[in-house]
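Engineer: Chains as they are written, first to last, in the numbering used here: chain A, 9 to 295; chain B, 194 to 348; chain C, 2 to 464.
For every residue, glycine included, the Cβ atom is placed at its ideal position computed from N, Cα and C.
Treat the numbers as computed from the prediction; the structure is a model and nothing was measured.
Handing you this structure, nothing more for now.
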Amino acid sequence: MHMTPMTYEQPKSASEAVALMQECGNRAKVLGGGTDLIVDLKHKPGIVSVLVDITKIPELQGIEETSEGLRIGSAVTYTSIMKSPVCQKLIPVVCEASHTVGAVQTRSLGTIGGNLVTCVPSADSAPSLMVLESVVTVAGNDGERTIPIEDFFVGPRKTCLEPHEILVSILIPKKNLGKPSFFLKAGLRKGQALALVNVASSLNIVDGKVSAPRIALGAVAPTPIRVPEAESFLEGKEASDENLKKASEMAVAAAKPITDFRASLAYRNQLVKVMTYRTLKSCVDNQ
Amino acid sequence: MLVELKVNGEKRSADVPPETTLLKFLREHLDLTGAKLGCDVGDCGTCTVIVDGISVNSCLMLAAKANGSEVTTIEGLANTSELHPLQKSFEELGALQCGFCGTGMLMSAKQLLDENPDPTDFEIRDALAGNLCRCTGYTKIIEAIKDAAKNMRAA
Amino acid sequence: MATKPTQDLDQKTIVIEDTESALNAPVRVKEAHPIIYPLSLPETEERKATPAVGQSASRPDARLHGLGQTKYIDDIKFPNMIYAKVLRSEKAHAKIISVDTSEAEAMPGVYATLTGKEIPTNTFGPTFQDQPVLSDTVVRHRGDGVAAVAAVSEQVAQEALKKIKVVYEDLPVLLDPEEALKDEVLIHPPKSNIYTSKVIKKGDVEKGLAESDHIFTNRYKTQFQEHVPIEPHASIALWDGNGRVTLWSSLGRITLGREDMSRTLNLPQSKIRMIGTIVGGNFGGKNEITNEPILALLSKKTGRPVKCTYTREDEFVSSTIRHPFIMDFTTGVNKEGKILARKIKMILDGGAYCSWTGTTIGKGSILAAGPYNIDNLQVESYAVYTNKTTTGAMRGFGAPQVCFAYESQMDEIAKTLGIDPLEIRLRNAFREGSLSPTSQTLHSVVVEESLLQAAEAFGWNRS
Numbered sequence: 009m010h011m012t013p014m015t016y017e018q019p020k021s022a023s024e025a026v027a028l029m030q031e032c033g034n035r036a037k038v039l040g041g042g043t044d045l046i047v048d049l050k051h052k053p054g055i056v057s058v059l060v061d062i063t064k065i066p067e068l069q070g071i072e073e074t075s076e077g078l079r080i081g082s083a084v085t086y087t088s089i090m091k092s093p094v095c096q097k098l099i100p101v102v103c104e105a106s107h108t109v110g111a112v113q114t115r116s117l118g119t120i121g122g123n124l125v126t127c128v129p130s131a132d133s134a135p136s137l138m139v140l141e142s143v144v145t146v147a148g149n150d151g152e153r154t155i156p157i158e159d160f161f162v163g164p165r166k167t168c169l170e171p172h173e174i175l176v177s178i179l180i181p182k183k184n185l186g187k188p189s190f191f192l193k194a195g196l197r198k199g200q201a202l203a204l205v206n207v208a209s210s211l212n213i214v215d216g217k218v219s220a221p222r223i224a225l226g227a228v229a230p231t232p233i234r235v236p237e238a239e240s241f242l243e244g245k246e247a248s249d250e251n252l253k254k255a256s257e258m259a260v261a262a263a264k265p266i267t268d269f270r271a272s273l274a275y276r277n278q279l280v281k282v283m284t285y286r287t288l289k290s291c292v293d294n295q
Numbered sequence: 194m195l196v197e198l199k200v201n202g203e204k205r206s207a208d209v210p211p212e213t214t215l216l217k218f219l220r221e222h223l224d225l226t227g228a229k230l231g232c233d234v235g236d237c238g239t240c241t242v243i244v245d246g247i248s249v250n251s252c253l254m255l256a257a258k259a260n261g262s263e264v265t266t267i268e269g270l271a272n273t274s275e276l277h278p279l280q281k282s283f284e285e286l287g288a289l290q291c292g293f294c295g296t297g298m299l300m301s302a303k304q305l306l307d308e309n310p311d312p313t314d315f316e317i318r319d320a321l322a323g324n325l326c327r328c329t330g331y332t333k334i335i336e337a338i339k340d341a342a343k344n345m346r347a348a
Numbered sequence: 002m003a004t005k006p007t008q009d010l011d012q013k014t015i016v017i018e019d020t021e022s023a024l025n026a027p028v029r030v031k032e033a034h035p036i037i038y039p040l041s042l043p044e045t046e047e048r049k050a051t052p053a054v055g056q057s058a059s060r061p062d063a064r065l066h067g068l069g070q071t072k073y074i075d076d077i078k079f080p081n082m083i084y085a086k087v088l089r090s091e092k093a094h095a096k097i098i099s100v101d102t103s104e105a106e107a108m109p110g111v112y113a114t115l116t117g118k119e120i121p122t123n124t125f126g127p128t129f130q131d132q133p134v135l136s137d138t139v140v141r142h143r144g145d146g147v148a149a150v151a152a153v154s155e156q157v158a159q160e161a162l163k164k165i166k167v168v169y170e171d172l173p174v175l176l177d178p179e180e181a182l183k184d185e186v187l188i189h190p191p192k193s194n195i196y197t198s199k200v201i202k203k204g205d206v207e208k209g210l211a212e213s214d215h216i217f218t219n220r221y222k223t224q225f226q227e228h229v230p231i232e233p234h235a236s237i238a239l240w241d242g243n244g245r246v247t248l249w250s251s252l253g254r255i256t257l258g259r260e261d262m263s264r265t266l267n268l269p270q271s272k273i274r275m276i277g278t279i280v281g282g283n284f285g286g287k288n289e290i291t292n293e294p295i296l297a298l299l300s301k302k303t304g305r306p307v308k309c310t311y312t313r314e315d316e317f318v319s320s321t322i323r324h325p326f327i328m329d330f331t332t333g334v335n336k337e338g339k340i341l342a343r344k345i346k347m348i349l350d351g352g353a354y355c356s357w358t359g360t361t362i363g364k365g366s367i368l369a370a371g372p373y374n375i376d377n378l379q380v381e382s383y384a385v386y387t388n389k390t391t392t393g394a395m396r397g398f399g400a401p402q403v404c405f406a407y408e409s410q411m412d413e414i415a416k417t418l419g420i421d422p423l424e425i426r427l428r429n430a431f432r433e434g435s436l437s438p439t440s441q442t443l444h445s446v447v448v449e450e451s452l453l454q455a456a457e458a459f460g461w462n463r464s
């Protein structure tokens, strides 16, 4: 399979990338790891003629703890996240989520930013970043702006990014670093599988009561979603089995899965219920 | 555009269209046909090579992206006097049948053992999740990797 | 832990029994079961005398495989070689009104094009010759080849395909094999869609059924399956100064291939050389020619060696696949579960062209009754054309499909009669000297030994 002739640009800064994207308009696409885009271009040759490779831009690199929290550059690969001692200590749930993506080769090229920008409902990195209340930084014509991650996803394969904007980094706020969080993915295989359902949960127990519970579901709605009803229900309550199960049922009510050749709606609902309960319980048991 | 990189320790270069993948670059421009084209979309792993120490699907990586990098292919595994322990174990334990998935398997296995000299069965399976085989059923491949790992630790 | 939803699949709320255990089930990794093999067979004097049986031998090609030096077809290149691509129909069933390759030919980098009309004899096939090299009058499945291009690179060839203009006239599309039996829409007029059949009769099946204590009637269906060899199909054609063409090909059956080449090119076999090299997986899918005549003609036109490889999508859509079977099994048994009679009707979805259906229907029909002693047997099988990917040879040639049916029904019978599934099979199994469905006397029969050793290995206790 062949891609049509294209030009390849490697801008040296975010502002250079933004300027290039502005200039080329819909002739260009941003290239991260290429694990999605290159496949697309092989199946639909000719949709773009310029590739803007952002993976060497300095502002898009790095994993560092700042006064505000943990900052991860959007061009950081899943493998780098999994191997980073800082990530393993402070956001192990994101490392686990990264491990479920594709296979070793995919994770070595694929970037965490790319996963968010491609924005499929089953994006594996989304639920864990959502329960940690991450904030993304985007570079545009007027400089940078920050967006809470749940506002970043607008629809299937649609983010709130303007065509010329570049996702620069993701910040996990300081208060959520080290917060007990768990992620589960259900797929038809253990590797190289699209998620049937993705669930992440995160909560603290303070004075015997649930504090700051967060639940996110993937692959059961047009975008990854939080479950505010379940979260406000659990807030301040005892972390009893009964309460956790009630919260799981609320998660099922919030989910809008479909029946397709991979799984039926009923099975996906069952998965949401069981996986929400299990992730919540794991948070409670690992305070 | 001119792409210059190190392949198996040697400086190599070629002037190629920008949309050339690293796989095509190796196979057609450098005549290194060890990495194979099985699906061209990053699912089967026959194109696996090691770039700057990490295994990648070379069918998804533009050659231009690998500019300045160090690439290891199957052709760089054995040296002039002996096989790499992985190649030896694969041969002795009958891990390959038609052989087409072999180069990808060996490169993924090499990257695994370079990082993790004593992998568990689960870790081997996890490392090979991106390499498909239709002939063997994988059992002998996993045995061969364990055997090679043992020999490499003993050396 | 398995639970059944008590309402329709598409209902939002479902009631799950046994949710407690679903929620609290510990996640456990099962220990891998030890494999005990090889099957221990009796140590006869003959076996002890052979030097090779039971010994370990290394493959002659293992060394080059490990080094990455094995040359598969796509690894081979010749000086001045050019690349071909085939334009494949998006339509499942349509008349070809016209094919215009002029714009493609005019593209820089394109050396030649080819259409079905230029093939000297445009039919070939392992069972009968119903398949065109390139369709020239009708396309019969999505993925049927219509025209080909040879260009300086694969990239140019792929672009050139877009410039070939084909005008189609839609024909009704036939996808259901049971519909195909009715012959209302004909795929290869004036022939019936039922293009081959087989009948096997042994004893008196109606009498056997009449004497049975229980009769079981079940329908079983199997699906399409693609071989997915990790190496896609590939071939290279080149001519020498003496008017002989050489094909380097991933094709397995090269002598048969040469016959087909001789036929389609109107060339004596002495002028055709087929070289089959190490193949990256065949499993039956590389048993007949695909692009080879196209490449030979393009090579002749251009005076250059021509290579063509299938994409992975081509492999799924345009290479042969396994036959889906629809199988109706009517089995009469006595109270002890002994089969007295079995009547089987099978429909094979034969795809757009015949390929290896003749062998598949034969083998499938003979094996359909299973490895069981059945005195009264009738098997009737039909293979029908449909507007789908050609079904051909795949590991087993019909055996896996019928095995699914007869073993599933055996379990049904065992469950209904309250007999242990292993026991019921032992009561019916072939033994030394049993007669096959076609009344062949069988020797070296190890069905009972295999079942018993397997049962012991996985701890099955016969009740």
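(1) Using the beta-carbon of each residue, which ones in chain B are nearer than 9 Å to A/D61?
(2) Would a C-beta distance cut-off of 9 Å place B/N344 and B/P278 closer than the cut-off?
(3) Does A/V101 come out as helix, strand or coil in the three-state DSSP assignment?
(4) Between which residues of its own chain and C/A342 is the CB-CB distance below 6 Å, once the five residues before and five after are set aside?
(5) Give the DSSP-derived three-state secondary structure of C/P39 in the structure shown.
(6) So what does DSSP say about C/H189, is it helix, strand or coil?
(7) Output the distance between the C-alpha atoms of C/P401 and A/S248, rounded to the nearest integer angstrom.
(8) With 9 Å set as the bound, which would you pick, yes or no: does the beta-carbon of C/T223 sit closer than that to a beta-carbon of chain A?
(9) State whether the segment 267–284 of chain A contacts the segment 227–244 of chain B, with contact taken as three or more CB pairs (one from each stretch) at a distance under 8 Å.
(10) Go to C/V111, then tell me how far its beta strand (DSSP E) extends in each direction, as first and last residue.
(11) Using a threshold of 9 Å, state whether the C-beta atoms of B/E263 and B/K199 are closer than that.
(12) For the segment 200–222 of chain B, list every residue whose C-beta sits within 7 Å of some C-beta in chain D, in sequence order.
(13) What residues from chain C crowd round B/I334, counting only those whose CB sits closer than 9 Å?
(14) Against C/E232, what residues of chain B qualify as contacts under a CB-to-CB distance less than 8 Å, listed in chain order?
(15) Cβ closer than 8 Å: which chain B residues qualify as neighbours of A/Q200?
(16) Would you mind telling me which residues of chain A sit closer than 7 Å to C/Q156, beta carbon to beta carbon, in chain order?
(17) Which of the residues in the segment 237–249 of chain B, read from start to end, lie with their CB under 8 Å from any CB of chain C?
(18) Out of A/L225, A/C95, A/P230 and A/T231, state which residue places its alpha-carbon closest to the alpha-carbon of A/K238.
(19) Can you find a CB in chain B that lies within less than 9 Å of the CB of C/V280?
(20) Give the range of the beta strand (DSSP E) segment to which A/Q18 is assigned.
(21) Nearest-angstrom Cα distance between C/V153 and C/H234?
(22) Short of 8 Å in beta carbon distance, which residues of its chain neighbour C/V139, apart from the five on each side in sequence? Order them along the chain.
(23) Within a Cβ cutoff of 8 Å, which residues of the same chain sit near A/P171, ignoring the five residues on either side of it in sequence?
(24) Does any C-beta atom of chain A lie closer than 9 Å to the C-beta of C/T159?
(25) Could you tell me the distance, in whole angstroms, from the CA atom of A/E24 to the CA atom of A/E152?
(26) Can you find the residues in the same chain that come closer than 8 Å, C-beta to C-beta, to C/I279, ignoring five residues on each side of it along the sequence?
(27) Residues of chain B with CB under 7 Å from C/V229, in chain order?
(28) Quick one: what does DSSP say C/L452 is sitting in, helix, strand or coil?
(29) Buried or exposed for A/P265, please, with buried defined as at least 16 other CB atoms from any protein chain shown within 10 angstroms of its CB.
(30) Taking a Cβ distance cut-off of 9 Å, strictly less, list which residues of the segment 371–395 of chain C are near chain A, in chain order.
(31) DSSP state of A/D61, grouped into three classes?
(32) For a contact defined as C-beta to C-beta under 7 Å, what are the partners of C/T69 on chain B?
(33) Three Cβ pairs or more, each shorter than 8 Å: is that satisfied between the segment 261–275 of chain C and the segment 289–301 of chain C?
(34) Just to confirm, is the Cβ distance from A/S133 to A/N123 under 9 Å?
(35) For a quick check, are the C-beta atoms of C/P307 and C/M108 less than 9 Å apart?
(36) Do C/S319 and C/T218 have their C-beta atoms within less than 9 Å of each other?
Structural biologist: Straight from the coordinates:
(1) Position 53 of the first sequence, counting from 1, holds the residue named residue 61 of chain A. Per Cβ cutoff of 9 Å: L255, A257 and K258.
(2) For this step, residue 344 of chain B is matched to residue 151 along the second sequence. For this step, residue 278 of chain B is matched to residue 85 along the second sequence. Yes, they are a contact pair.
(3) Position 93 of the first sequence, counted from the start, is the residue given in the question as residue 101 of chain A. In this structure, A/V101 counts as helix in the three-state DSSP scheme.
(4) Against the third sequence, residue 342 of chain C aligns to sequence position 341. Within the same chain, C/A342 has close Cβ partners V206, G209, L210, G333 and N377.
(5) As a working note, residue 39 of chain C is residue 38 in the third sequence. Confidence at C/P39 is low in this model, with a pLDDT of 48, below 50, so the placement of that residue should be treated as unreliable; the coordinate-derived value is given next. It is coil, neither helix nor strand.
(6) Residue 189 of chain C sits at position 188 when you count from the first residue of the third sequence. Residue state, collapsed to three classes: coil.
(7) Taking the third sequence and counting its residues from 1, one reaches residue 401 of chain C at position 400. Taking the first sequence and counting its residues from 1, one reaches residue 248 of chain A at position 240. If I take the Cα positions, the gap works out to 51 Å.
(8) The residue given as residue 223 of chain C occupies position 222 in the third sequence. It does not; no Cβ of chain A falls within 9 Å.
(9) no
(10) Along the third sequence, read from residue 1 onward, the residue named residue 111 of chain C stands at position 110. V111 to T116 is the extent of the beta strand (DSSP E) around C/V111.
(11) Here residue 263 of chain B refers to the residue found at position 70 when the second sequence is read from its first residue. Here residue 199 of chain B refers to the residue found at position 6 when the second sequence is read from its first residue. Yes; because the gap between Cβ atoms is below 9 Å, this pair is in contact.
(12) Annotation note: the requested chain D is absent from the structure, which comprises protein chains A, B and C.
(13) To locate residue 334 of chain B, count along the second sequence from 1; it is residue 141. Within chain C, no residue comes near B/I334; the closest Cβ sits about 12 Å away, beyond 9 Å.
(14) On the third sequence, position 231 is the one that residue 232 of chain C refers to. Result: K229, G231, C291 and F293.
(15) Taking the first sequence and counting its residues from 1, one reaches residue 200 of chain A at position 192. Within chain B, the residues near A/Q200 are D236, A322 and G323.
(16) Here residue 156 of chain C corresponds to residue number 155 of the third sequence, with the count starting at 1. Within 7 Å Cβ-Cβ: H10.
(17) C237 and T239
(18) Residue 238 of chain A sits at position 230 when you count from the first residue of the first sequence. With the sequence shown as reference, residue 238 of chain A is identified as Ala, and Lys is not the correct amino acid for it. Closest option to A/A238, Cα to Cα, is A/L225.
(19) As a first step, residue 280 of chain C is located in the third sequence; it is residue number 279 there, counting from the start. Yes, C/V280 lies at the interface with chain B (some Cβ there is under 9 Å from its Cβ).
(20) Within the first sequence, the letter at position 10 stands for residue 18 of chain A. No beta strand (DSSP E) contains A/Q18, which DSSP labels as neither H nor E.
(21) Along the third sequence, read from residue 1 onward, the residue named residue 153 of chain C stands at position 152. Along the third sequence, read from residue 1 onward, the residue named residue 234 of chain C stands at position 233. Using only the alpha carbons, I get a separation of about 20 Å.
(22) Here residue 139 of chain C refers to the residue found at position 138 of the third sequence. Cβ neighbours of C/V139 beyond the five flanking positions: H94, A95, K96, I97 and L172.
(23) Position 163 of the first sequence, counted from the first residue, corresponds to residue 171 of chain A. These residues qualify, in order along the chain: M29, G33 and N34.
(24) Along the third sequence, one-based indexing puts residue 159 of chain C at 158. With the sequence shown as reference, residue 159 of chain C is identified as Gln, and Thr is not the correct amino acid for it. It does: the Cβ of C/Q159 has a partner Cβ on chain A nearer than 9 Å.
(25) Taking the first residue of the first sequence as 1, we reach residue 24 of chain A at position 16. Taking the first residue of the first sequence as 1, we reach residue 152 of chain A at position 144. Each residue's alpha carbon lies about 13 Å from the other.
(26) Walking along the third sequence from the start, residue 279 of chain C turns up at place 278. Hits under 8 Å: D62, T71, K72 and Y73.
(27) Along the third sequence, read from residue 1 onward, the residue named residue 229 of chain C stands at position 228. In chain order: R327.
(28) For the purposes of this step, residue 452 of chain C is taken as the residue at position 451 of the third sequence. DSSP places C/L452 in helix when its eight states are reduced to three.
(29) Reading the first sequence from its first residue, position 257 is the one you call residue 265 of chain A. With 16 or more Cβ atoms within 10 Å of its Cβ, A/P265 is classed as buried.
(30) none
(31) Position 53 of the first sequence holds residue 61 of chain A. Here A/D61 sits in strand by DSSP.
(32) What you label residue 69 of chain C is simply residue 68 of the third sequence in a count that begins at 1. Thr is not the amino acid found at residue 69 of chain C; the sequence shown has Gly there. Chain B residues near C/G69: G227, I267, E268 and T296.
(33) yes
(34) Counting from 1 along the first sequence, the entry for residue 133 of chain A is found at position 125. Counting from 1 along the first sequence, the entry for residue 123 of chain A is found at position 115. Against a cut-off of 9 Å, the Cβ pair of A/N123 and A/S133 comes out as a contact.
(35) Here residue 307 of chain C corresponds to residue number 306 of the third sequence, with the count starting at 1. Here residue 108 of chain C corresponds to residue number 107 of the third sequence, with the count starting at 1. Contrary to the premise, residue 307 of chain C reads as Val rather than Pro in this sequence. Contact: no.
(36) Here residue 319 of chain C is taken as the residue at index 318 of the third sequence, counted from 1. Here residue 218 of chain C is taken as the residue at index 217 of the third sequence, counted from 1. Cβ atoms of C/S319 and C/T218: not closer than 9 Å.
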